[in-house]
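Asker: Once you've had a glance at the structure underneath, I'll fire off some questions.
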Amino acid sequence: MNIESKWLEDFLALAEVRNFSLAAEMRNVTQPAFSRRIKALEHMVGAELIDRSKTPVALTPSGRLFRITARTLMNQMMDGIGQLSDLSKLGGNIVRVAAAHSLASSLVPSIQPVLLAGKHQPLLSVEAIDVDDAIEELQEGGCDVLLAFDDDLLRLPPYQSLLIGQAELLPVCVCDAHGRPQFQLNGHDPVPWLAYSPSSYMGRQVEAVRDQVNLNAVFLSSMTDLLKKLVLQGVGVAWLPDYSIHEELKSGQVAIIGESHLRLPIAYYAYRYQARLHPAGEQVWQALQQLASDESKHL
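At position 158 of the sequence shown (counting the first as 1) the number is 158 in UniProt numbering, and the numbers step up by one without a gap.
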């Protein structure tokens, strides 16, 4: 189907004013030419859109339905052109980064100065996503770079990967006024548990020690930041990545509880397609390579 955008604009103008002569004038075209374009559109969609027997002309039932479709198509096209225009004005420097929720809020701000260093002055556009949507996000070209946790599939072609850092999932709870943990993981009494969604990456990690402690789930979420807020409110115990609670541990707001074997190692990576990125994207990737190299020196 080959529908020209000008036909859609013609139709929308006619649908607005309900008069061929006036619509043709609005579109800066002769009435005969305008009428031929409307006919061509009707032929292409296979339905009569205009009821010409009425004065002023009216939309047929098909025409009323198609008006919504035409408006949607035009809006989508204009949005796409607008995005391309914005990208051009920025010199093509937008780098789209998708990141796991906790990495988006905790890691990206700390590494942004490094990512922005260089001649191309990249503009990071960061979207927080569910970790398990990572492969689809890359496959659909929804991002230039993905920051997520260890995933075997993403470390195989056609992707590239960089180990950016390692962390721990720590069982923690809020402290009382005397600096004592509000809860204990002693294995006897059930403890209110702020759990990750079982299907999430973090949820699968915690599941490995689930049978070693007496936990009573009181809340489920895949979002680390939300679980952290509930921990600070004293609602229960949660396994939180160390980078997300550095200040709270330092100030004594929260405490690590349980035995050391309940502390779970995790690793986070940067992923991309093997295909070359635009210059600003390549600059960000090179900065990530430097971060990965620095991290490996400390292992």
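Glycine included, C-beta positions come from ideal geometry on N, C-alpha and C.
#1: Provide the residue span of the beta strand (DSSP E) that contains S106, from first to last.
#2: When you compare each of K54, S5, R27 and G142 to Q76 by their alpha carbons, which one comes out closest?
#3: With distances taken from CA atoms, which of S251, L230, S260 and V145 is nearest L271?
#4: Given this structure, state the Cα-to-Cα distance separating S21 from R67, to the nearest angstrom.
#5: Any chance you could list the beta strand (DSSP E) runs of at least 3 consecutive residues sitting entirely within the stretch 120 to 181, in chain order?
#6: On the DSSP bridge list, what partners appear for W239?
#7: Quick check on I256: does DSSP put it in helix, strand or coil?
#8: Grouping DSSP H, G and I as helix and E and B as strand, with all else coil, what is F34?
#9: Reducing DSSP to helix, strand and coil, say where F11 ends up.
#10: Closer than 7 Å by C-beta to L73: which residues in its own chain qualify, once you throw out the five before and the five after it? Chain order, please.
#11: I want to know whether the stretch 99 to 106 touches the stretch 118 to 130 - three or more CB-CB distances under 8 Å.
#12: So if DSSP puts S221 in a beta bridge, which residue, or which two residues, is it bridged to?
#13: For L215 and G236, I'd like the C-alpha separation in whole angstroms.
#14: With H, G and I counted as helix, E and B as strand and the rest as coil, what does DSSP make of P279?
#15: Let me make sure I understand the geometry here. Which of V29, E16 and I94 has the alpha-carbon closest to that of R71?
#16: Return the residue from the list A23, V29 and P32 that minimises the CA-CA distance to P56.
#17: If V284 and V172 are in contact, beta carbons under 8 Å, what's the gap, nearest whole angstrom?
#18: So, using beta-carbon positions, are Q205 and L264 closer together than 7 Å?
Answerer: Straight from the coordinates:
#1: Position 106 of the sequence shown, counted from the first residue, corresponds to residue 106. Here S106 belongs to no beta strand (DSSP E); instead the alpha helix (DSSP H) covers H101 to L116.
#2: Taking the first residue of the sequence shown as position 1, residue 76 is located at position 76. Nearest option by C-alpha distance: S5.
#3: Within the sequence shown, numbered from 1, the residue matching residue 271 stands at position 271. Note that residue 271 corresponds to Tyr in the displayed sequence, not to Leu. That would be V145, whose Cα lies nearest to the Cα of Y271.
#4: Position 21 of the sequence shown, counted from the first residue, corresponds to residue 21. Position 67 of the sequence shown, counted from the first residue, corresponds to residue 67. So the two alpha carbons sit approximately 19 Å from each other.
#5: 123 to 129, 145 to 149 and 159 to 174
#6: On the sequence shown, position 239 is the one that residue 239 refers to. Answer by DSSP bridge pairing, in chain order: P171.
#7: Residue 256 sits at position 256 when you count from the first residue of the sequence shown. In this structure, I256 counts as strand in the three-state DSSP scheme.
#8: On the sequence shown, position 34 is the one that residue 34 refers to. Three-state result, F34: helix.
#9: Within the sequence shown, the letter at position 11 stands for residue 11. Looking at F11 - three-state DSSP - the assignment turns out to be helix.
#10: For the purposes of this step, residue 73 is taken as the residue at position 73 of the sequence shown. Result list for L73: L8, in chain order.
#11: yes
#12: By one-based count along the sequence shown, residue 221 stands at place 221. BP columns for S221 point to Y196.
#13: In the sequence shown, counting from the first residue as 1, residue 215 sits at position 215. In the sequence shown, counting from the first residue as 1, residue 236 sits at position 236. Roughly 10 Å separates the two Cα atoms.
#14: Taking the first residue of the sequence shown as 1, we reach residue 279 at position 279. In this structure, P279 counts as helix in the three-state DSSP scheme.
#15: Sequence index remark: in the sequence shown, residue 71 carries index 71 (1-based). The shortest Cα separation from R71 among V29, E16 and I94 belongs to E16.
#16: Numbered from 1 along the sequence shown, position 56 holds the residue referred to as residue 56. Selected option, being the one with the closest Cα: A23.
#17: Residue 284 sits at position 284 when you count from the first residue of the sequence shown. Residue 172 sits at position 172 when you count from the first residue of the sequence shown. 32 Å between Cβ atoms; not a contact.
#18: Counting from one through the sequence shown, the residue named residue 205 turns up at place 205. Counting from one through the sequence shown, the residue named residue 264 turns up at place 264. Contact: yes.
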